[in-house]
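Residue numbers (UniProt numbering): 1 to 396.
Cβ coordinates follow ideal geometry from the N, Cα and C atoms, glycine included.
Computed from a prediction, not measured in an experiment: that's the story for all the values here.
Written out below as structure tokens is the structure these notes cover.
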Amino acid sequence: MNCDYAVGELVDRGSPSLNSPSLNLPEGSRGQSARDDGHTYISSFLFDFQIPKRKHSRRYNLYPPYGILGQGFSSALANYPFEFSALDMELFHNYLSSTSLTLADDEAGRQLLQRRLPELGFSFNYVLRLLLAFSGFHIAHLREACPQQMSSATQPYLERAERHFAVALRQLIPSVTGLNPDTYHALYAASSFMCFCTLGRGPQPGDYLAFSNTGQAECLTLLHGVRSILQMTEQVSTHAETGPKSRPSAEPTAAHFEVQVSQLSEDYIAPLVQVRQLVLNELQQSDSRHATYCKVHEDLVAVFHQLRNQKHYTLKGARVPYIFGWLFRLPGLFVADLHEQRPLSLVLLAFFVVLLQDISCYWFMKGWPEHIMAGIYRHLDEKHRPWIQWPREKVG
């Protein structure tokens, strides 16, 4: 496939970088998301993925001809066997008309999710399958929420979503080993949607987003897979930049839930100060974990401050890159401790779950905060359980 795309700007310097070591935001940047009209708008895509910009200075309208996305798409379609059923067509229709709108918040986001990514999927089959899988989980979620629906009406969508997810994973693995400028944008989109699918599947027994009964957790592993792809992308292209990019929208949508100043609370300060003292008490400076845990705690405090500080209130949609950015940036040592269910790492994770509660309005986040908190409490020893009293009260 001939492709003249270069990685575009994926980061707005006013937003926290997904691979930056911390969220040390200057005072002036914390208010950048607030516009003169009094509204704050979230980025077009929850992981802020954009189709990379061309190296050349060509510009197109929002609705360019189909063939502009890249040469070779029609030949790829012609040579690929058609394996999709009427149920798959229903999944695709639902993705375009409903599921994509649960992620998009402005016209640019709708263009990306409803047109550009499906076109990408016509050339990269694993991208298309992940869009269908996410749509299948969405339909299943909607049907489960209706008391009139029988479980038999939901099962076909779940089974089809799981199949698309499994096939996409098998197709994706060889592409990762052969990463090149023609494939990295598809791999990044696919990795992001694998995370969405994991969340959209809903809480699973023994899996708590960042750790599990058996060690590694699928979602955190996928998030760090996205990070690895971004790091490899930097090696592939000298123009690579990573992180979320915020773009102003001309109009708010239903995805924008403004938080009133009167509703904000800074009651997080005292509990986080106490937890920092716990870190200092349990990890001496000579301990190899001391610096890592202090860094993780400082990053967590910065995210709380950005999202809970009464001077810098943020729309719920705009919180997503900040919240998942904390998971995204976790050092390998801390991730390993989560997998081993070390008490101190679980205590810090419990405070992170309070932030997840703030975005539980999204259908794919339903039930996750309560599920994760219950898992943390279950795996903590009696000595450390009192330290998560405040997070448990907030999550409920």
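Under 6 Å Cβ to Cβ from Ser191, same chain only, skipping five residues before and after it: list those, please. Within the same chain, Ser191 has close Cβ partners Gly225, Val226, Ile229.
According to DSSP, residues forming a beta bridge with Ser212: DSSP output for Ser212 lists Asp207, Gly215 as bridge partner(s).
Leaving out the 5 sequence neighbours to the left and right, which residues in its chain are closer than 6 Å to Ala133 when beta-carbon positions are compared? Counting only Cβ-Cβ distances below 6 Å, and skipping sequence neighbours, we find Ala161, His164, Phe165, Cys197.
Give the range of the alpha helix (DSSP H) segment to which Arg276 is assigned. It spans 269-282 - the alpha helix (DSSP H) in which Arg276 sits, taken as one unbroken run.
Own chain partners of Lys394 with C-beta closer than 8 Å, once the 5 adjacent residues on each side are dropped: So the list reads Val354, Gln357, once near-sequence residues are dropped.
Distance, Gly109 Cα to Leu307 Cα: So the two alpha carbons sit approximately 23 Å from each other.
Can you tell me the Cβ-Cβ gap for Val347 and Val275, rounded? I've got them flagged as a contact below 8 Å. Contact holds; Cβ gap of about 6 Å.
Please work out which residues of its chain come closer than 8 Å, Cβ to Cβ, to Leu187, disregarding the five sequence neighbours upstream and downstream, and give them in chain order. Setting aside the 5 residues that flank it on each side, Leu187 is surrounded in the same chain by Leu172, Ser175, Val176, Leu179, Ile229, each with a C-beta closer than 8 Å to its C-beta; the list follows chain order.
Whole runs of the beta strand (DSSP E) within the region 282-336, excluding any shorter than 3 residues: Secondary structure within the region 282-336: not one fully enclosed beta strand (DSSP E) run of 3 or more consecutive residues is present.
Taking the C-alpha atoms as reference points, what is the distance between Leu112 and Gly121? Leu112 and Gly121: Cα-Cα distance of roughly 12 Å.
What do you reckon, is the C-beta of Ala336 under 8 Å from a heavy atom of the ligand ADP? As far as ligands go, the structure on display features none, and thus does not contain the ligand ADP.
Which residue wins for smallest C-alpha separation from Leu91, given the options Leu128, Ser360, Ser288, Tyr268? Nearest in C-alpha terms to Leu91, of all of Leu128, Ser360, Ser288, Tyr268, is Leu128.
Starting from Thr198 and walking both ways along the alpha helix (DSSP H), at which residues does that stretch end? Bounds of the alpha helix (DSSP H) holding Thr198 are 184-200.
From Gln114, Thr183, Leu103, Thr99, residue whose alpha carbon lies closest to that of Ser123: Taking only the C-alpha atoms, the option nearest Ser123 is Thr183.
Just to confirm before moving on: does the CB-CB distance between Leu333 and Leu349 stay below 9 Å? Not closer than 9 Å, so no.
Taking the alpha-carbon of Thr292 as reference, which of Pro331, Phe351, Trp363, Arg378 has the nearest alpha-carbon? The residue with the shortest Cα to Cα distance from Thr292 is Pro331.
Test item: CB-CB of Gly367 and Gly206 under 9 Å: Going by C-beta atoms, Gly367 is not nearer than 9 Å to Gly206.
Pick from Cys195, Pro147, Gly200: whose alpha carbon is nearest that of Ile139? For Ile139, the nearest C-alpha among the options comes from Gly200.
Residue environment, Leu344, which counts as buried when at least 16 other CB atoms sit within 10 Å: Classification of Leu344: buried, given that the 10 Å Cβ count is 16 or more.
Could you check whether Thr154 and Trp363 sit closer than 9 Å to each other, using their CB atoms as the reference points? For the pair Trp363 and Thr154, the CB atoms are not nearer than the 9 Å cut-off.
Extent of the continuous alpha helix (DSSP H) run through Tyr95: Looking at the DSSP string, the run of the alpha helix (DSSP H) that includes Tyr95 is 86-97.
What's the gap between the Cα of Pro147 and the Cα of Pro369? Between Pro147 and Pro369, the C-alpha separation is close to 23 Å.
Buried or exposed: where does Asp381 fall if 16 or more other Cβ atoms within 10 Å of its Cβ makes it buried? Answer is exposed; the Cβ neighbour count stays below 16.
Does DSSP classify Glu382 as helix, strand or coil? Coil.
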